[in-house]
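There are 4 protein chains.
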Amino acid sequence: MSYLIKGGTVVSTTGPNPADVLVDGERIVALFAPGTGPQEIETIDATGKYVIPGAIDAHTHMQMPFGGTEASDTFDTGTRAAAFGGTTTIIDFAIQRYGEVVQDGLAAWHAKTAGTCHIDYGFHMILGGVDDESLKAMDQLVADEGITSFKLFMAYPGVFYSDDGQILRAMQRARDNGAMIMMHAENGPAIDVLVKQALERGETDPYHHGVTRPQELEAEATSRAIWLASVAADCPLYIVHLSASKALEQVAAARDLGRNVFAETCPQYLYLTLEDQLGAPGFEGAKWVCSTPLRSKHESHRADLWRGLRTNDLAMVSTDHCPFCMKDQKEMGVGDFSKIPNGIGGVEHRVDLLYQGVVDGKLSLGRWVETIATTPARMFGMYPRKGVIAPGSDADIVLYDPAGRTRIGVDTHHMNMDYSAWEGWEIAGRVDTVISRGTVIVRGGEYEGRAGHGRYVPRGLSDYLV
Amino acid sequence: MSYLIKGGTVVSTTGPNPADVLVDGERIVALFAPGTGPQEIETIDATGKYVIPGAIDAHTHMQMPFGGTEASDTFDTGTRAAAFGGTTTIIDFAIQRYGEVVQDGLAAWHAKTAGTCHIDYGFHMILGGVDDESLKAMDQLVADEGITSFKLFMAYPGVFYSDDGQILRAMQRARDNGAMIMMHAENGPAIDVLVKQALERGETDPYHHGVTRPQELEAEATSRAIWLASVAADCPLYIVHLSASKALEQVAAARDLGRNVFAETCPQYLYLTLEDQLGAPGFEGAKWVCSTPLRSKHESHRADLWRGLRTNDLAMVSTDHCPFCMKDQKEMGVGDFSKIPNGIGGVEHRVDLLYQGVVDGKLSLGRWVETIATTPARMFGMYPRKGVIAPGSDADIVLYDPAGRTRIGVDTHHMNMDYSAWEGWEIAGRVDTVISRGTVIVRGGEYEGRAGHGRYVPRGLSDYLV
Amino acid sequence: MSYLIKGGTVVSTTGPNPADVLVDGERIVALFAPGTGPQEIETIDATGKYVIPGAIDAHTHMQMPFGGTEASDTFDTGTRAAAFGGTTTIIDFAIQRYGEVVQDGLAAWHAKTAGTCHIDYGFHMILGGVDDESLKAMDQLVADEGITSFKLFMAYPGVFYSDDGQILRAMQRARDNGAMIMMHAENGPAIDVLVKQALERGETDPYHHGVTRPQELEAEATSRAIWLASVAADCPLYIVHLSASKALEQVAAARDLGRNVFAETCPQYLYLTLEDQLGAPGFEGAKWVCSTPLRSKHESHRADLWRGLRTNDLAMVSTDHCPFCMKDQKEMGVGDFSKIPNGIGGVEHRVDLLYQGVVDGKLSLGRWVETIATTPARMFGMYPRKGVIAPGSDADIVLYDPAGRTRIGVDTHHMNMDYSAWEGWEIAGRVDTVISRGTVIVRGGEYEGRAGHGRYVPRGLSDYLV
Amino acid sequence: MSYLIKGGTVVSTTGPNPADVLVDGERIVALFAPGTGPQEIETIDATGKYVIPGAIDAHTHMQMPFGGTEASDTFDTGTRAAAFGGTTTIIDFAIQRYGEVVQDGLAAWHAKTAGTCHIDYGFHMILGGVDDESLKAMDQLVADEGITSFKLFMAYPGVFYSDDGQILRAMQRARDNGAMIMMHAENGPAIDVLVKQALERGETDPYHHGVTRPQELEAEATSRAIWLASVAADCPLYIVHLSASKALEQVAAARDLGRNVFAETCPQYLYLTLEDQLGAPGFEGAKWVCSTPLRSKHESHRADLWRGLRTNDLAMVSTDHCPFCMKDQKEMGVGDFSKIPNGIGGVEHRVDLLYQGVVDGKLSLGRWVETIATTPARMFGMYPRKGVIAPGSDADIVLYDPAGRTRIGVDTHHMNMDYSAWEGWEIAGRVDTVISRGTVIVRGGEYEGRAGHGRYVPRGLSDYLV
Ligand SMILES: [Zn+2]
Ligand SMILES: [Zn+2]
Ligand SMILES: [Zn+2]
Ligand SMILES: [Zn+2]
Ligand SMILES: [Zn+2]
Ligand SMILES: [Zn+2]
Ligand SMILES: [Zn+2]
Ligand SMILES: [Zn+2]
């Protein structure tokens with residue numbers, strides 16, 4: 001089946017350009033100057049709309065096990081919510097825990113996603129125990145499984161933590177097999193001291209989750225990861241959920257040297273703060289407990305992160321979607337912030353929240369598309385199949401209405417959460433139509449997709465290296 | 001007339017993608033997944049070739065008057081040579097001298113180009129005398145004449161030199177009318193002291209042209225221009241012909257702050273050196289006398305410039321094509337390097353010389369296209385008409401043969417110069433076919449174009465600002 | 001005549017140490033562990049006092065001609081006021097104006113000081129016109145006249161301004177003859193544009209003196225001077241009256257590279273601000289019109305300058321004492337801030353104002369002495385004759401009472417000014433006794449000195465270079 | 001007993017000054033202008049000599065247990081050798097091992113030193129196991145034992161290693177009790193990976209000790225220590241044996257911010273290199289196995305370290321004296337560099353080796369004295385008792401002969417080592433006479449001291465903080 005998306009303005013990384021887009025089956029097959037395409041064909045009217053590549057969220061945690069509970073979105077509910085928000089591909093994290101076989105972890109995640117996803121998906125692999133076996137597994141996943149990125153943690157001693165020797169070994173192996181090392185960059189051993197001291201002082205509310213994770217300990221870990229990557233012959237390094245000015249400085253300094261060091265930030269760090277959200281009265285702040293934490297509004301974090309997005313010191317924006325309900329889940333931490341499950345849900349809102357940046361003059365249209373779609377595809381080995389409106393690419397397409405408005409709240413969102421981190425926010429722009437591999441799954445805001453439509457996307461090596 | 005460029009690999013800024021390109025008249029009208037385009041149509045076979053946007057050289061000086069002589073390429077010979085090298089648009093410099101009316105200078109350059117150019121062209125305007133009248137003229141040129149960039153000189157006191165007060169005023173005006181300030185950043189008054197002292201010491205050979213223009217005086221002027229632009233409320237600033245590591249540091253520092261500061265470098269700075277070329281025996285070095293000068297091979301300039309191209313601290317590459325023959329022209333400076341006309345011809349070789357960087361692993365394919373075509377178009381207000389293979393864009397297209405080789409020399413080049421700055425260099429890649437606004441002007445290396453085909457391109461404001 | 005200063009605590013640059021000081025004639029002849037000195041001798045009781053080297057103010061302008069008027073303190077009134085404040089040596093500026101003979105300027109200043117000074121004095125030479133003649137004069141002054149520092153101006157075009165070529169030539173000469181180049185680092189040509197524009201907009205009050213001299217134009221000039229000094233083979237460079245954070249950054253960066261770049265700041269920049277003083281209602285702000293100007297309290301200038309004093313990025317503190325009365329003098333600029341004579345009087349208060357920094361925990365005792373006495377002596381070639389309590393040194397000694405308090409105001413100060421820039425300030429510490437070359441000139445706050453006691457101090461080369 | 005050191009030039013941190021020094025008993029009691037002191041008194045002729053404060057070596061390891069052996073100098077042989085070299089005080093390291101009681105470690109070291117030392121000595125305390133008990137012990141040692149500096153290790157996992165949580169806790173405690181944290185800054189876990197890999201590849205010779213400890217892992221650890229100290233409310237931090245350019249950059253950056261971050265380097269890093277010494281043929285390189293290791297001569301380490309000494313980014317020079325003989329000791333590592341005891345002996349040569357820097361124009365005389373004597377005293381709470389020639393100070397004095405020469409070698413040195421790390425070096429300057437608390441222990445190069453003369457010096461808090 002063929003159809004023509006007509007009358008819209010295609011936005012690429014270098015800017016907007018009016019063009020009609022011909023879809024045939026699952027792929028884009030042609031782009032036409034307006035009105036020059038085939039006449040006798042079904043059309044989708046894109047007049048007044050931006051036609052952008054389906055957005056890619058490269059950092060989600062659907063139904064992730066965490067401290068006796070599990071992230072509240074399944075791959076079913078989570079990918080459906082993502083689709084509503086204009087995201088047509090996610091990359092989730094399969095997990096190897098210490099002592100487990102890497103391939104078993106991957107198999108478990110394949111089992112969870114089989115038949116449940118509404119949109120396409122790939123996996124990064126979390127390595128919870130770097131040793132000879134897991135290093136061999138890295139090679140195999142890169143060669144055979146389409147897994148080309150591996151996440152390590154400098155925090156959470158006893159859970160996912162790798163020491164610097166393990167990190168160095170994994171980086172050396174990545175250097176050899178071409179994979180990307182993703183890093184949760186916070187100094188866990190030092191944070192744990194601060195957390196223990198705070199709790200001993202009776203500082204138990206959610207706000208202290210933030211103050212016990214000072215930006216210096218994110219900056220330090222970011223810096224350390226960069227040093228270790230240089231010792232590993234400049235292994236490519238990707239810092240996840242960068243939240244703080246001083247951490248950004250470390251990344252920017254490495255990039256000035258031409259290093260293959262990249263970072264993402266998340267919408268929550270661009271908008272929300274330690275004081276206004278995490279410091280909300282009572283236990284309310286638990287809604288925004290995530291790590292890295294929200295930062296102080298009295299410092300320049302948010303302005304610096306927006307600037308970093310403009311300068312490409314921050315390559316892209318992911319959500320780190322990891323939702324937990326207040327009831328029964330976040331509530332586990334009443335009286336002890338360290339027991340609050342860490343995570344914010346937002347997979348549905350990234351495209352809109354970043355478009356607000358366009359409206360506010362903080363990003364160009366081209367940079368919007370780049371940070372939510374094109375760079376994620378290039379960074380993680382899915383380009384040009386994903387991330388671009390081009391002949392031959394998957395027909396993952398969003399029609400975005402710049403004249404629309406989006407109001408966010410628990411009553412209207414589609415994520416499986418009993419609150420919204422953005423309750424009451426009304427912002428410019430609206431996702432109008434979402435196409436996944438040629439199939440319209442959202443039309444005029446109404447859902448037409450289905451669980452099982454989404455397919456696994458084996459990924460190649462990053463082609464984003466400098 | 002229509003035809004299909006078939007079988008090639010279209011390269012955009014984000015990377016290569018196989019696609020067929022449909023040209024109708026002067027424009028690109030469609031891109032197709034390979035083999036999906038119209039069947040009954042004339043075709044150009046691009047099998048094995050890169051299909052890239054026609055390159056844009058944003059810094060040339062055809063038949064520029066200089067010290068009693070004139071650059072040896074006319075707009076006719078120079079644009080024909082450019083076409084041979086895959087360049088389909090140049091931006092040359094119209095000149096206002098001190099005491100002249102700006103619009104008269106522009107008219108003079110329009111007169112020179114009328115009917116003589118083989119490819120499209122635009123103009124920057126050199127302001128040789130900033131005062132109330134010329135500031136008013138800036139506004140008029142931006143509004144009515146398609147001139148949106150204005151060059152000032154911190155060197156050449158008594159010729160083009162503007163003092164810091166004049167620079168500040170021009171920057172303030174540019175801030176208001178949206179234009180870009182281009183800067184020749186060398187500290188002229190200090191250089192003139194060093195030149196005079198060298199000549200007094202009997203140091204008269206071409207090599208001393210280089211040592212009397214130390215990189216510190218380029219870095220200083222670059223830094224000063226950046227400070228002045230910040231006082232002018234962050235007026236957009238573009239540093240021309242950046243040659244030196246320390247100057248690059250200034251640009252990089254400003255860009256880290258998110259400033260609208262940009263820079264170009266030129267092929268000569270990426271490959272040639274103070275010692276090997278400018279320091280050639282006898283008067284030979286005169287061939288490479290240009291300002292800013294070639295830099296020492298014992299410092300890290302070339303590696304730093306290549307890195308700057310990768311990190312986008314250098315946005316693009318121009319040639320600063322300003323050819324003079326050895327005979328009668330360069331020879332004016334025998335016995336006094338300060339009398340050697342400043343300039344190197346290279347408009348024909350930029351695309352090839354930068355492709356060599358791709359082969360050497362210094363640039364990605366996408367970045368090659370970006371630095372020679374897409375960014376110049378965006379930087380100087382010609383995008384998406386120029387600089388991109390997209391439906392609706394001018395059909396300025398180059399078929400580039402990665403399997404070919406190019407040998408450079410005076411016997412084979414098409415520039416009106418009696419020597420080549422790159423004599424004997426043989427490099428990878430070859431321009432196969434060049435299309436200008438739909439017309440094939442070079443086919444399989446043979447020329448089919450004509451003087452007068454080229455048209456003036458009025459330009460809009462830069463859409464490259466961060 | 002001999003006497004013993006007994007019971008006090010001698011403060012050197014490395015800290016306090018109890019010791020008794022024996023003075024014989026004009027010199028210090030011995031230091032003793034407490035109580036171990038000669039018994040049968042006149043004593044001055046220093047119990048509870050700090051015994052510090054007489055302070056040196058290396059930047060004053062007594063009776064300096066300026067725009068038809070003259071700084072209101074003569075060498076008589078000004079050096080007497082200095083003595084009251086614990087300063088026993090000044091270095092004033094002799095002036096060569098454009099077109100004048102350097103030696104004539106020096107002779108004029110020797111004439112003014114002959115028989116009039118209460119304390120010892122030296123001269124820096126202002127070069128208002130760098131040319132072959134004045135460069136030769138530099139050599140002669142260094143060799144024969146004890147003048148080893150030469151001040152140039154990057155501001156005041158048409159008055160003292162040197163262009164970058166002149167600056168470079170003077171720096172080269174200084175490099176050869178060993179002298180120090182002192183620099184008034186503000187970009188005058190750019191400032192003059194801003195001043196003209198402000199006046200045209202009717203912004204005529206003193207506050208606009210400040211905003212038309214933005215810190216960027218001080219930082220730029222500071223940076224440029226540092227670049228030029230590097231071209232002059234690392235000629236020693238001393239930035240006068242540094243006032244702004246961004247200028248300090250330039251100095252700090254050069255010093256990190258081990259460059260011989262130094263800077264002073266002044267008490268007014270450590271305490272007073274654009275808003276609170278220069279922005280006082282009506283014409284009141286004229287009291288604080290000086291260049292460089294007071295900086296905004298909403299930026300971090302004051303904290304940064306104090307930190308710079310601690311880190312030695314700021315080597316020392318001078319006053320730039322250049323007093324003008326409100327009546328008839330400052331009033332020349334009613335309705336046009338650019339006509340207000342530039343200058344603040346403060347020669348009397350530096351020692352106390354910096355001691356307040358000790359009380360506030362911003363400086364150590366040793367650093368206090370270093371910044372007001374020892375470094376000025378070393379920087380400007382008077383050490384160990386001046387600036388230290390050591391056997392053989394001139395007996396320039398201050399007994400400072402840390403338990404005392406000083407209240408500043410026009411009723412009590414001794415400078416010839418009809419207002420005080422520090423009216424009503426009450427600060428910790430008090431100058432108790434001042435000894436100049438063995439003679440007590442202030443005792444218990446009462447004056448015992450006389451005009452003509454002060455002698456010219458020919459200076460050697462700086463021994464402060466790194 | 002009294003005597004007068006007559007005719008010499010006293011050198012203080014601010015420069016040389018001729019003066020005579022009166023010693024009475026153990027103390028200096030007076031300084032006199034030349035010739036003005038007492039006449040009827042025993043004299044030591046210092047004509048032509050520099051009279052400097054006895055040098056202080058703040059980093060030695062006499063008879064330190066290490067991997068089944070012990071550093072080859074006892075407190076007896078080592079302090080005697082130190083005295084020959086002009087050092088009159090050492091600060092050695094008492095050791096708490098993991099699981100031991102801190103105070104027991106201190107007692108053990110007091111037992112070793114009782115009656116054995118030729119010169120005065122103090123102790124730092126190595127904390128090999130930070131926990132609640134040892135943190136309490138810190139307070140007690142500061143309050144009662146004159147131990148105010150505590151060393152932690154980021155290297156040597158399983159031996160002295162502290163993790164980042166332990167480091168943070170110790171820093172917090174130091175912040176509260178005023179102590180200085182000293183840091184061995186190398187990333188041990190990462191180094192251990194590199195060492196294991198090298199040995200597996202058969203790279204077993206001493207040279208690979210160096211290449212498995214790349215400067216990046218010193219710089220990283222230095223940076224991390226600085227970050228952790230900032231989290232500990234700017235706890236004072238002292239980096240030991242800094243050897244590398246990139247590590248120095250970290251310290252310099254912190255110091256530019258006004259942080260209380262200090263560093264020492266050692267003579268071996270100023271002169272010796274990875275290639276020329278550690279890379280000597282066969283097992284010869286074992287002589288120079290120490291950690292941090294010698295650095296590459298192809299990089300700028302040595303020049304940068306000398307510059308750091310000039311700029312005070314390196315505060316002082318210690319030896320890290322930790323001698324092992326080749327026979328039986330270094331030989332333990334034949335065939336496995338990781339088994340070579342780490343350490344170089346040099347306590348005897350520091351004063352001379354640094355004086356060579358004066359001769360080479362790399363340090364001023366005043367800075368020489370500052371880096372070997374005055375700053376060590378101030379940094380570690382012994383000033384003004386030690387480190388300065390001033391009335392009331394201990395009569396620890398060296399007469400240094402600038403006209404002498406020193407030839408270093410195993411035949412002439414006094415350390416208990418069967419080789420010299422400086423064999424055959426002949427350098428300018430010579431220690432002539434050494435006085436410890438008033439007693440001449442070296443006279444004209446001949447030894448007159450005795451074991452047991454040296455006394456324990458309880459130390460106060462650092463008074464060197466900025
Ligand atoms: Zn994470
Ligand atoms: Zn995550
Ligand atoms: Zn130019
Ligand atoms: Zn040019
Ligand atoms: Zn001035
Ligand atoms: Zn002044
Ligand atoms: Zn160590
Ligand atoms: Zn040690």
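Protein chains in written order, with the UniProt record's numbering: chain A, 1 to 466; chain B, 1 to 466; chain C, 1 to 466; chain D, 1 to 466. All C-beta atoms in this analysis are idealised placements derived from N, C-alpha and C, irrespective of residue type, glycine included.
Below the 7 angstroms Cβ cutoff, chain B contributes 310, 311 as neighbours of residue 466(A), in chain order. Within a 10 Å sphere around the beta-carbon of residue 77(A) sit 16 or more other beta-carbons, which makes this residue buried. The criterion of a C-beta distance shorter than 7 angstroms is not satisfied by residue 58(D) and residue 414(D).
Cα atoms of residue 233(C) and residue 56(A): separation of roughly 55 angstroms, rounded to the nearest angstrom.
The C-beta of residue 380(C) comes no closer than 7 angstroms to any C-beta of chain D. The Cβ-Cβ distance between residue 323(D) and residue 94(D) does not fall below 7 angstroms. Among the residues of the region 208-229 of chain A, those with a Cβ less than 8 angstroms away from any Cβ of chain D are 214, 216, 217, 219, 220, 223, 224, 227, 228, in the order of the chain. Residue nearest to residue 126(B) within the set 165(B), 144(B), 64(B) is 64(B) (criterion: CA-CA distance). Taking C-beta atoms as the reference points, residue 47(B) and residue 85(B) fail to come closer than 7 angstroms. When the five nearest sequence neighbours on each side are left out, the beta carbons in the same chain lying within less than 8 angstroms of the beta carbon of residue 36(A) are those of 20, in order along the chain.
Taking a cut-off of 8 angstroms for Cβ pairs, the region 383-395 of chain D and the region 328-338 of chain D do not touch, as fewer than three such pairs fall below it. Assignment of residue 374(B) by DSSP, reduced to helix, strand and coil, places it in the helix class. At least one heavy atom of ligand 4 falls within 6 angstroms of the beta-carbon of residue 320(B).
The closest CA to that of residue 184(D), considering only 196(D), 443(D), 151(D), 206(D), is found on 151(D). Residue environment: residue 201(A) is assigned as exposed (fewer than 16 neighbouring CB atoms within 10 Å of its CB, all protein chains considered).
Considering only beta carbons, the part of the region 164-184 of chain C lying closer than 7 angstroms to chain B consists of 164, 165, 168, 169, in chain order. One thing to note: residue 342(B) has its Cβ no nearer than 7 angstroms to the Cβ of residue 266(B). Neighbours of residue 190(D) in chain A, taken as residues at a C-beta separation under 7 angstroms, are given in chain order as 164, 165, 168, 228, 231. Set against 6 angstroms, the gap from the CB of residue 347(D) to the closest heavy atom of ligand 7 is not smaller.
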